[in-house]
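J.:
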Amino acid sequence: MDDCIFCRIVEGKLPAKKVYEDELTVAFWDAHPASPTHILIVPRKHIPTLNDVADGDPILSHMAGVAKTIARKQGVADFGYRFFINVNRGGGQVVFHLHAHLVSGNDLGSVFLKMAVVAAVLWRKLVGAFKRPG
Ligand code: 5GP
Ligand code: ZN
Numbered sequence: 001m002d003d004c005i006f007c008r009i010v011e012g013k014l015p016a017k018k019v020y021e022d023e024l025t026v027a028f029w030d031a032h033p034a035s036p037t038h039i040l041i042v043p044r045k046h047i048p049t050l051n052d053v054a055d056g057d058p059i060l061s062h063m064a065g066v067a068k069t070i071a072r073k074q075g076v077a078d079f080g081y082r083f084f085i086n087v088n089r090g091g092g093q094v095v096f097h098l099h100a101h102l103v104s105g106n107d108l109g110s111v112f113l114k115m116a117v118v119a120a121v122l123w124r125k126l127v128g129a130f131k132r133p134g
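For the sequence shown, position 44 (counting from the first letter as 1) is numbered 44 according to the UniProt record's numbering, and the numbering increases by one without interruption.
1) Should residue 10 be listed as close to ligand 2, given that the test is whether its C-beta is under 8 Å from any heavy atom?
2) Less than 8 Å between the CB of residue 32 and some heavy atom of ligand 2, yes or no?
3) Note down, in chain order, each residue of its chain lying with its Cβ closer than 6 Å to the Cβ of residue 62, except the 5 sequence neighbours on either side.
4) So residue 36 and residue 104 are in contact, right, with Cβ under 8 Å, and what is the actual spacing, rounded?
5) Give the list of continuous beta strand (DSSP E) stretches no shorter than 3 residues that lie fully inside the UniProt domain "HIT" (5 to 113).
6) State whether the region 64 to 75 contacts the region 13 to 29, with contact taken as three or more CB pairs (one from each stretch) at a distance under 8 Å.
7) Is residue 14 a contact residue of ligand 1, with contact defined as CB to any heavy atom under 8 Å?
8) Taking the alpha-carbon positions, what's the residue 12 to residue 20 distance?
9) Quick check: the region 46 to 59 against the region 70 to 84, are there 3 or more CB pairs under 8 Å?
10) Does the Cβ of residue 86 lie closer than 8 Å to at least one heavy atom of ligand 1?
Quick look at the structure:
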């Protein structure tokens with residue numbers, strides 16, 4: 001697939017910061033990391049989406065095993081991480097070559113959410129402190 005970015009990375013025709021390779025998969029850093037650790041695990045074979053994985057194809061369990069290995073090597077296995085696949089446009093998929101995300105660390109979304117919750121709690125306390133009793 002000449003027009004597929006991930007096929008080109010798998011074939012070595014496009015550069016990527018690879019962290020792992022085996023006979024079935026290649027894993028590399030996401031070009032726009034959403035967290036301190038953000039690695040993509042990609043099958044060598046061009047499969048557009050999770051919906052296109054044949055029943056009984058061992059690729060999904062293999063990808064999960066690769067995630068486990070990489071998480072250990074990256075030192076995030078005990079801390080924790082997310083392992084997920086976006087499926088089709090409605091599921092947030094942008095690159096139509098099957099891939100799993102391995103994400104760990106504080107992502108900006110959850111940092112802002114926590115800050116918003118803290119701000120709301122402080123605001124309620126502040127308003128409460130200035131309210132006249134009765
Ligand atoms: P999706 O939304 O399809 O699940 O995720 C695609 C991911 O691929 C995005 O997080 C995006 O940053 C990443 N990405 C897109 N193009 C490239 C590229 O050329 N190189 C690398 N390393 N990552 C890419
Ligand atoms: Zn491809």
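The beta carbon of each residue, even a glycine, is placed where N, CA and C say it ideally should be.
T.: The answer reads as follows:
1) The beta carbon of residue 10 sits closer than 8 Å to at least one heavy atom of ligand 2.
2) No, Cβ of residue 32 sits at least 8 Å from all heavy atoms of ligand 2.
3) Hits under 6 Å: 24.
4) Contact annotation, residue 36 with residue 104: C-beta distance approximately 7 Å; criterion of less than 8 Å satisfied.
5) Within the UniProt domain "HIT" (5 to 113), the complete beta strand (DSSP E) segments of 3 residues or longer fall at 18 to 21, 25 to 29, 37 to 43, 82 to 84, 100 to 104, listed in chain order.
6) Using a C-beta cut-off of 8 Å, the region 64 to 75 makes contact with the region 13 to 29, since at least three inter-stretch Cβ pairs fall below that distance.
7) Yes, Cβ of residue 14 sits closer than 8 Å to a heavy atom of ligand 1.
8) Rounded to the nearest angstrom, the gap between the Cα atoms of residue 12 and residue 20 is 13 Å.
9) Note that the region 46 to 59 does not touch the region 70 to 84; fewer than 3 beta-carbon pairs, one per stretch, sit closer than 8 Å.
10) Yes, the beta carbon of residue 86 sits closer than 8 Å to at least one heavy atom of ligand 1.
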